[in-house]
Structures are given as structure tokens and as C-alpha cells.
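Letter by letter, the sequence shown follows residues 1 to 1084 in UniProt numbering.
In what follows, a structure is listed as C-alpha cells, so that the remarks can point back to it.
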Amino acid sequence: MSPMYEAMIEELDRVDNDTETYNQMHSRNGERGLYFDQQALLQVPAFRQNYLRSTCTVVKRQMRLFVRNKVFFVGRLLLDLLVGLMVGSVYYGMDLADAQVTLGVIFSCALFLGLGQSATLAPFFDAREVFYKQRDANFYLLVFVGEYFFLSAACSTLHVAQPVSTLALLFFILFAGFAVSREQLPSAMRWIYWSNPLAWTTRGILVSQYRSSELDVCEYGGVDYCNMYQGKTLGEYSLGLYDVPDDPKWIMLGIAFLATVYVVSNFLSYVMLEHCRHDSTPALAPPLPASFSDTVIPTPRQPKESYAMLATPHGDDDELLESDLTGFQPPDDRNDSVVLHKGDALNDSFNDSQGVCTNPEDIMVRLTPRWDVPPVTLAFQDLRYSITIPANAVADPSGQNGAEGAPGRPVSVDSRDNTGKSKETVSRELLKGVTGYAVPGTMTALMGSTGAGKTTLMDVLAGRKSVKAGNKKNGAPTLRGRVLLNGVDATELAVRRCTGYCEQTDVHSDASTFREALQFSAYLRQGDRVAPERVEEIVDECLDLLGLNDVAGQLVRGSSSEQLKRLTLGVELAAQPSVLFLDEPTSGLDARAAKALMDGVRKVADSGRTVICTIHQPSTEVFLLFDSLLLLQRGGETVYFGELGRNGKTLVNYFQSLGLPRSAPTFNPGDNPATWMLDVIGAGVEKIKPQSSLPLKFRQPAALRNPRLQQLDGSLNSSVASEYSRQHYDENIDFAAAYKTSRLKQRLDAKRAAPGVFMPSDRLPPVTFAQRRAASDGLQFMMLIRRFMRLYWRTPFYSFTRMVTALTLGLMFGLVYSGSNDFTTYQGANGAVGLIFFSTCFLGVGAFVHVLPLAFEERGPFYRERASETYSALWYFAASSAVEIPYAATASFIFVSVFYPMAGFSAYGDIAQMVVYWLVLTVHILFQTYLGQFFTFAMPTIELAAVWGALFDSIFLMFMGYNPPVSSIPDGYKWLSMLVPHRYTFEMLTAIVLGDCPDEQLRQISDAATTNTTIDVSSWPLGCQPLTAAPAAVANIPLTSYIDEVFGARREDTTRSVAVVVGIVLAMRLATLVVMRVVNHQKR
């Protein structure tokens, strides 16, 4: 039994035996006490709001989110208007007596609206994660609507929901009565027609249209329908063509059915959200090896902070138990490899309290890192970074505006005339003359309050800010100052090649293992100059250093936050950078995980690297791992730059010597120097509470208090307490101004003449690189194609689902059309053309929606790796293009193998036609997949990519040549139809199946028609057969002539069509490459 547990038991016994406390817990004088109040708490309802109030609360929140998502919804509105105008203009002046055209209008509208709604799947998945969290907390009851939200609730991932939504849309349209009429459906499938919401919608609209007073007449357009069709009016006859019942009651029945479907969708969504959860449980981190967690910085608060979050404010001494204050030993010096003697000639750069050498030339000689990494000193001089914002953004009377770290008066004001109005802008400096340096073998912390410019400074040093010095036009950020490597002005290439940048968010390719992720970085960022055996050794050393051996073969997907943080560090470490930047590496980690991670960073620095890290209120153990500190206050001004000293003594002594405001807390032995320092400059997270303000019942018993607190350095009789107690006060202290006149600033100014820091040195070579990237072109492509192949193979939700979707589509289309194999009739020929049209549409749309989630997941790693010059966008483009070819070919092969014989096409052609059909369909699927990749890099979000994809696909399908046919497209849109690649695909596929008729035989048929003679063509190819049961205008003409006149499909144009499609695909891929290289949706 531990002393802490014994103390807890003693405290509970004391409370239970205390008479006053007992009376408060139980009834006294007939009144109910706290004990009964606790019983009453058990009767609190699970939900704080009733059903109606919670519904109103959720609706209000959704309306607020709707208003704030202006880009998506305004863009969606404009696209809907655009498509509506286009459909209306295409079908303007159509003959309402033509039922096929009328149905085509309804189909086109339904298809676009259905495709457009698929864009809501991604936001629904995001909302589902929020719902799970709030539902666990009993925030509200369930009110959700719609089929797509039901899919997001029922499907585990977006990779599954997207193809399922495509299949659902297929069922809706295929069984809506337009592609195949009700009587043509197999009897076993007609129940789908009667349960299809789109069929009920189409039926209601058609009945409403044709039973209106305008069309439900006998005479229309000079034709007496009642006499010609046994007393049927135009409306009744037109509805009968597609087996639509003509009773007006179907209008109201359709409304009632759709309302029922709405209610059922809500109920199913409720059931799925309430009883079926798809939480992604991350893998548990394995126990850390002793070598990875053996670094302990002892402080009196170490046991408590080991279980606290990182932003732990300093507390009160009364909270310490006696058991917390025993068993600590003074830490060993962790910088033995770089310790110099005071008598050394370089004692001007020797920190007496810390023992750290800060002279880069001496480090170059004395450091013996484990890896072959050239030490590099990073220095930055008078960095000033400013942005331009609208003048009306300055709303704070104190001078603070909405820009991060930009308080104070405007640097400049710009007023320009814009369409007759004066528009004022102000320039704000986020960094104000920041100067400092970091030497190899040390860790430098960048700290400050939110808005102080820590991340801005890190991005500037790492070359991640896209600015040009002196550029003030068009609101572009401006950067002034110098960044130096080994005393020489750094080029952008040198910074990107010799540094590693660990971003705050852990972005990796999920389908790689930990070892593969390190190998990818090591091979590409070290290049061919390093032997493969040495690269593997480096990878093994990284795994050892970061304690990742136990998970080396584990996929990144599903790993814990701590493992991902270590992997982020390992990926940069495997590149062998001389300088390592870390942006908030401990964010999202508890104190134990943060300490373990930073111990690994400490070992990285000890290997000879220069480490610069932004961190926000670390625990004592983490803070004391650093050697130096650059502290910024809000506005980007430096208030401290120098060594921390042993256990932070130098830092604390500096601020105490300045004179602090009365409101500043007193530093007590055992306090966290980082938290105390931030509170002193006004960057803490909370106000300090005096000890007397704590209620007596929360204080520790006197018997448990230790009258002699252990000191910060671990000894009970240290003189540190007396040094820390020399705090005096100054209410008017300006920390930035005080730093400018301090000895720290004078020492920094003296460093400007030191060789190797701000001045070149003969002993430190300049950091230069002959090539932009370390790896050769061949190595880049090989590593990228290998990663993409692994990604596709290890993501069955994408690759396997595509195959299942292709098989399902083939079976469905084959079954629906299996009884309509007489393609020589007018109805059979149109059915075959419609079959080709619909199957091609849905295969292409499915390919587009499938690729979006995966492409967006991989876009993040692409941005990170491109910023580090890991590879060229050209080879990423080439690998992402090549990996799709076998999967597209396999999916189309599965579809054609099932669909082609079931539809009856194989009875009229040989295997060669089937192979050509497969190849053309493969190119079509590739085009749609590449279109999805294009919008992935062109659009900022997946929602916008889906909306724009729906717009383009709707235009493609409208001008594909089936509805309206090529012969009926208005002259004003002929040019647009010529640019649609789907038209040429549709023409080729139709001509392959129905247009096979050699020129010689076609000439004989023409001569026979001219001479009014009869010839036997029954043994000739399908395209030569006459069209029967057709209107007089096209009756008895060869089938190939019919599809040529109506749909523009000619076999002799196959070569031209192939060339056009390939050319459009190449042009679109070229546009994708340009977007990859130019567009970056990261906000920096």
C-alpha cells in the first residue's frame, strides 16, 4: 500500500468521523441533508431538455451552421440555377406530345439533383462524429432526415457510403419507368418499381402534366387522338406509352408515399445512430521501452504533473503530500558530450549554470554525432513579418485586431479607389525585429501567448511562408530581415533541403506501415548518394530512438495520437536534417506521452542536430529538457532570449531582477518555471488564486503537510530558494523594452560578430545544394508507385468496393434487359441504346465519387512532402495516374464479362468486339477517375469537389447524345456537345454493338431500296438488319443508318473518336498537373 493511498484513506476516515460533516451528509432535525440530495440526483432525467426543446435547439444550431457555410451553399445554389437554365434552354419549345422527350426532361432534372445530393455525404460524416460525442453526453434526442444522412449513419466510412449512394441512385433511376417501362421489367423486379420514390415522383409529375386541361384533350397539334387510339386523349395515350397509370389519384398517392418515405428515413436514421456506431478506436500505444523513458527531470511536482494535462498551472503548496516529496535525486548533467571548462578560451560562450557550449565552430570540432549529419547553426536577424488587412477589422479600441499577434497602431494605411468607393487597409506586423540563433546539439523553445507569433516565426524560419520581400501590393504579406545558415544568408532551397519540419497536425499516408513511412522519407530525402544498406540502418536507428520497434509493421491507419506524433518526428528524422523544427509537438498528448516524446527529441538534439520547437505551457519535466528559450509577447516582440540555466534558474533570476507587477505571482520552490514565466508576462491560462482563498476543507491535514519542502534542484538545503525569493516589484515594467537594454540583449549583439552565427566562417562551410531534390527522377517514381500500389491494395473500402460495384451494375443491367434481345425492332434498338447510355453513365459516375475520399485523404501528405522537396509533383502525378489503370481495367472487365452476354450483345458479335468495348469503357472510367483527382486538387473541400463534379457530369450526360439525341440538340449547344468526351465514348460503344455493317453490304441495301427490290440480309451483321415496328420516317432502314441519323454513331468515326477522347484525357491530366504544382489550399 503506497503512502499516497494511505493518505487518501486517512482523509476519508477523517471526513466520515467528523460530526459536523456527518450531520451535513445525513438528516438532521427531520430535514434532509446532502445524503438525500445525492439520492435525488439519481432521479435526474437522462436528457436535460425534452424532445421539442432539444429539437428546436438542434434546428437552431443547424441553421447557424447553414448560414456560416456560405461558400458551399451559395455555390450549390448558383450551380442549380445554371443547370436549371441549361436544361430549360435545351428543351425549350419541345413538343409536349412527345412523351419520350418529356420523360427525358424529368430524368435529367432528377439525375442532377440526385448526383448533387451526394455532396452532402462528407458533411454528414463530420456531423456524425460530433453527434456521437454529444449523444454520449445526452445533449439532445434524435431528429435527422434524408436518405443520404441514413447512409452516413449506416455505412462505416465515406469509402463505403459513396458507392452505396451510387448504387441507390442507380436503383432509383433504373426502376423509375424511363430507362425501362414497368411492363418491360421482369416480373420478379416490379416490386422495386412500386417501392421507388423516384418512380412515384415521376409518375405524379407525368399524371399532373398530361391530365391537365391543356393536354388531356382529343385534338392536339392537328391530330385527333380519340379517333386514332380508341377514345384515348393525348394525355391518356402518352401515359400509356410508358405504362404510367392515368388516374389523377396517383398525384395525391405520390405525395403520401413520399411523406411516408421521409418518415421512414428519419426512423431508420434514428435506429442506426442510436444502436449502430462506427467509432474508430485507435490502437493502444505499447509500453514504452526503458531506454525511451528513462530521462526524468525531478521536481517536487513530478508525480502530480505526470497525470495532468500539459497546460498545468502552478498550484498551492498545501496540495503536496509528503509522499510526493521524497525519493528524488538531483539530475545528472545531460550535456556531458558538449561540456567545456571555464578555463577554455571560448568561455565567453559558456553558460556557467547550464554547461552548454554555444560556439558553433567549437561544436563543429567537439561534437561526434551518432549519424553523419553536418552540424548547422541557424540564425535570424531583425525579422519583421507583416500582413495587410481591411481597416474595419481593427475593432478593438486597444489597438488589437483580428489578426494573430497584431496589436498596436497600424504600421501603414493604404486607401485606394475601388469601383468608386474608398477602401482602406492597414498593415500589421506580426513579428517585430526578432533576432536569435540556435546551435547544433541544443534545443531552443519558442514560447509566448496565443497570438504572439510563435508559429509565424517557425514558418518564416522554415521557409513555409509564401512571401516576397518588399511586396506590398494586393495585400500580400511582407517579410524583412535575414535568415542565416552557418553565418551565410540562407536560400529557400537550402532551408528546405537541410531542415525538417514537424507540423502540429500529424498527416501521413494511412496505408503505409511505420517502417515504410520512414523508408519513404529516408530514400527520397537522402537520395541516391546514400547506399540502401545505410538507409535501412538509419531507419532502424530512428525506430530505436523513438521507441517504435514494436509497431514498425503496424499500419498508420488507426494508430494512437502518441504514435502518430513520434512517427511525424521519425519521418523528418529519417531524412537526416541538420535543423529540426517542431510546431507544438505535444499538443493533444497527456503529460506522460509528451514527456516520452520530448525525451526522444532530446536524444535527437544530443546527436548533433539543431532543434527549434514551439510549445505552449509545457510541464516542468518537458520545459527543463530545453537549453534555450525565445519568449515572445503578443505582438511579436522579444521579451527573453537566452539559456534557461540549470532547472530554469537563469530564466527565473532574470525576470525577478527586472521588477514585476504586484499582480505577478511569486515563484515558490517547486513551481513550474514555464507557467510562472507566462503568468508574469500576462500569457498564462488563469489567474493566480491566493492560498487563503481555498476553503479549509480542501486543504491538506496538518499531519500530512511537509514543513520542509524539497527545492527545485532536488536538495533540501539548496540555496536556490534564497535566490528565487529576491523578487521585487515594478508596476510599470515593459518586458520588451527591458529586454532591449538587458545584458542578454548585449550578449546577443556581441554574437553578431561571432563567425559561424551571423558572420561567415572559414571552418563552417556554407549550406548549398546543387539539385532541388535529393533523389533521382527514377527513384522518385519508383517509391511513389510502390506507395500507391500498397495504398490501393490495403484500402479495400476503395479498391474492393469498386469491383463489387462493377459486378452489381453488370448484374442489374443484365437482369433488367435480359428479355429485350431483339435489337432489330424500334423499341429494342432504343432499349439497347438506352442500356449502353445508362450503364456508361453509372460506371463513370461511380468512378468519380469513389476516388474523391481517398484522393482528399492523400492530399494532406502530398502538401507536406512537397513542402520538404521530397519529390516532384510530376512524379506524384505520374504515379497516381498509373496506379489507376489496372484497377479501372479490372472493374470494367468484371462489368463487361457479366453485362455483355446477359444483355444479348455477344450473340451479334465476336470476342474482338467485346474486347474493344472493354477497352473503350476502361478509358471512360479512367477519365472519370482523373476528373475526380482534378477537382480534389482544384477545390478546397470535398463538398465543393462533389458539387462541381455533379455539375460537369450533368452537362456531360445531357449532351452525351441520348436524351436529347444528337439530332435534337439545339444549334446553340452544338459546340458544347462537340467538347463533351462522353459523347464520343457513347458513339463508339453504340457503333460497336449496333453499327456493324460493312460498306459493301450497306451499298447493296441502298441499291435495293433505290430499285425497290428485296434481298436476304438475315445472315448479315446486326447493323445491316432493317428496323422494324418503327415510325414511317425510319421504318425498314438499316439499323446502322438509324443510329447514325438519330444518335450520330458511326463505325467509320471510331478512330477519330478514340483520338478525341485520348486528347481530352491528356489535356485534363495536364490541367491536373498544373493544379498540383500551383494550387495549395493550406492556409499559412
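Ideal placement from N, C-alpha and C gives every residue a C-beta, glycine not left out.
Is Q381 helix, strand or coil by DSSP? Per DSSP, reduced to three states, the secondary structure at Q381 is strand.
Entirely within the segment 473–550 and at least 4 residues each: give me those alpha helix (DSSP H) ranges in chain order. If you keep only unbroken alpha helix (DSSP H) runs of at least 4 residues inside the segment 473–550, you get 492–498, 514–526 and 532–545.
Counting Cβ pairs, one atom from each stretch, are 3 or more of them under 8 Å apart for the segment 590–604 and the segment 563–576? In this structure the segment 590–604 touches the segment 563–576; the number of beta carbon pairs closer than 8 Å is three or more.
Relative to the C-alpha of L809, which residue among D528, H850 and F899 is closest? Nearest C-alpha to L809: F899.
Excluding the 5 residues flanking V207 on each side, which residues of the same chain have their C-beta closer than 6 Å to its C-beta? Closer than 6 Å at Cβ, skipping near neighbours: W250 and I251.
Could you name the residues of the same chain whose beta carbon sits closer than 7 Å to that of L1027, not counting the 5 residues immediately before and after it, in chain order? Closer than 7 Å at the Cβ level, and outside the excluded window around L1027, lie T824, Y826, A829, V1034, A1035, N1036, I1037, L1039 and Y1042.
Which residue's Cα is closest to the Cα of M782: A832, V845 and V883? Answer by Cα proximity: V883.
Secondary structure of I387, DSSP reduced to three states: In the structure shown, I387 sits in a strand (DSSP, three-state: E or B).
Per the DSSP calculation, A445 is bridged to which residue(s)? Residue pairing by DSSP places A445 opposite C613 and L629 in a beta bridge.
With DSSP as the reference, please indicate the residues paired to G436 in a beta bridge. According to DSSP, G436 shares a beta bridge with F380.
V833 and F927 closer than 8 Å at C-beta: Between V833 and F927, the C-beta gap is not smaller than 8 Å, which leaves the two residues out of contact.
Checking 8 Å against the spacing of the C-beta atoms, do T450 and F626 come in under that value? Not closer than 8 Å, so no.
Could you check if C56 is buried or exposed, using at least 16 other CB atoms within 10 Å of its CB as the buried criterion? Exposed, by the Cβ-count rule.
Is the segment 958–974 in contact with the segment 867–879, if contact means three or more CB pairs nearer than 8 Å? Verdict: no, contact absent.
Rounded C-alpha distance that separates L52 from T260: Distance between the alpha carbons of L52 and T260: 21 Å.
So, at 6 Å on beta carbons, what are the nonlocal neighbours of F655 in its own chain, with the 5 sequence-adjacent residues on each side left out? Once the five neighbours on either side are set aside, the close Cβ partners of F655 are V680.
Under 6 Å Cβ to Cβ from M914, same chain only, skipping five residues before and after it: list those, please. Excluding five sequence positions before and after M914, the CB atoms of its chain that fall closer than 6 Å to its own CB belong to Y900, given in chain order.
Taking the C-alpha atoms as reference points, what is the distance between D528 and I538? Answer to the nearest angstrom: the Cα atoms are 14 Å apart.
Where S2 and G547 are concerned, what is the direct C-alpha to C-alpha distance, given to the nearest angstrom? Near 30 Å, if we compare the C-alpha coordinates of G547 and S2.
Test item: CB-CB of P577 and C502 under 8 Å: No, they are not a contact pair.
Identify, in the order they occur along the chain, each residue of the same chain with its Cβ nearer than 7 Å to the Cβ of R557, setting aside the five sequence neighbours on each side. So the qualifying residues of the chain are D510 and A511.
Going by other Cβ atoms of all chains shown within 10 Å of its Cβ, with 16 needed for buried, is Q519 buried or exposed? Under this definition Q519 is a buried residue.
Quick one: using the 10 Å Cβ neighbour count with 16 as the cut-off for buried, is V264 buried or exposed? Residue environment: V264 is assigned as exposed (fewer than 16 neighbouring CB atoms within 10 Å of its CB, all protein chains considered).
M759 in three-state terms, based on DSSP: In the structure shown, M759 sits in a strand (DSSP, three-state: E or B).
Would the segment 643–652 and the segment 476–488 be scored as touching if the rule is three or more Cβ pairs under 8 Å? The segment 643–652 makes no contact with the segment 476–488; the number of CB pairs closer than 8 Å stays below 3.
Straight-line Cα distance separating W676 from S560: A straight-line Cα-Cα distance of about 31 Å links S560 and W676.
Proximity winner among L589, A490 and L85, relative to T505 (alpha-carbon distances): Residue L589 is the option with its Cα nearest to T505.
For L582, the first and last residue of its enclosing beta strand (DSSP E): Per DSSP, L582 belongs to the beta strand (DSSP E) from V579 to D583.
Please classify R203: is it buried, with 16 or more other beta-carbons within 10 angstroms of its beta-carbon, or exposed? In the assembly as shown, R203 is a buried residue. Its beta-carbon has 16 or more other beta-carbons within 10 Å.
Under 8 Å, do L378 and R772 count as touching if we go by C-beta distance? The criterion of a C-beta distance shorter than 8 Å is not satisfied by L378 and R772.
Report yes if the CB atom of G608 is closer than 8 Å to the CB atom of V373, and no otherwise. Closer than 8 Å, so yes.
Quick check for students: name the residue ranges of the alpha helix (DSSP H) that lie wholly in the segment 920–960, counting only runs of 4 or more. Secondary structure remark: continuous alpha helix (DSSP H) runs of at least 4 residues inside the segment 920–960, in chain order: 942–958.
I believe V495 touches G463 by the beta-carbon criterion, under 8 Å. Please report the beta-carbon distance rounded to the nearest angstrom. 4 Å between Cβ atoms; contact.
Comparing C-alpha positions only, which one of T1014, A879 and A889 sits nearest to L1073? When T1014, A879 and A889 are compared, the shortest CA-CA separation from L1073 is found for A879.
When DSSP builds the beta bridges, which residues end up paired with V223? Under DSSP, V223 takes part in a beta bridge, and its partners are Y220.
Residues that DSSP places opposite G553 in a beta bridge: DSSP lists no partner for G553.
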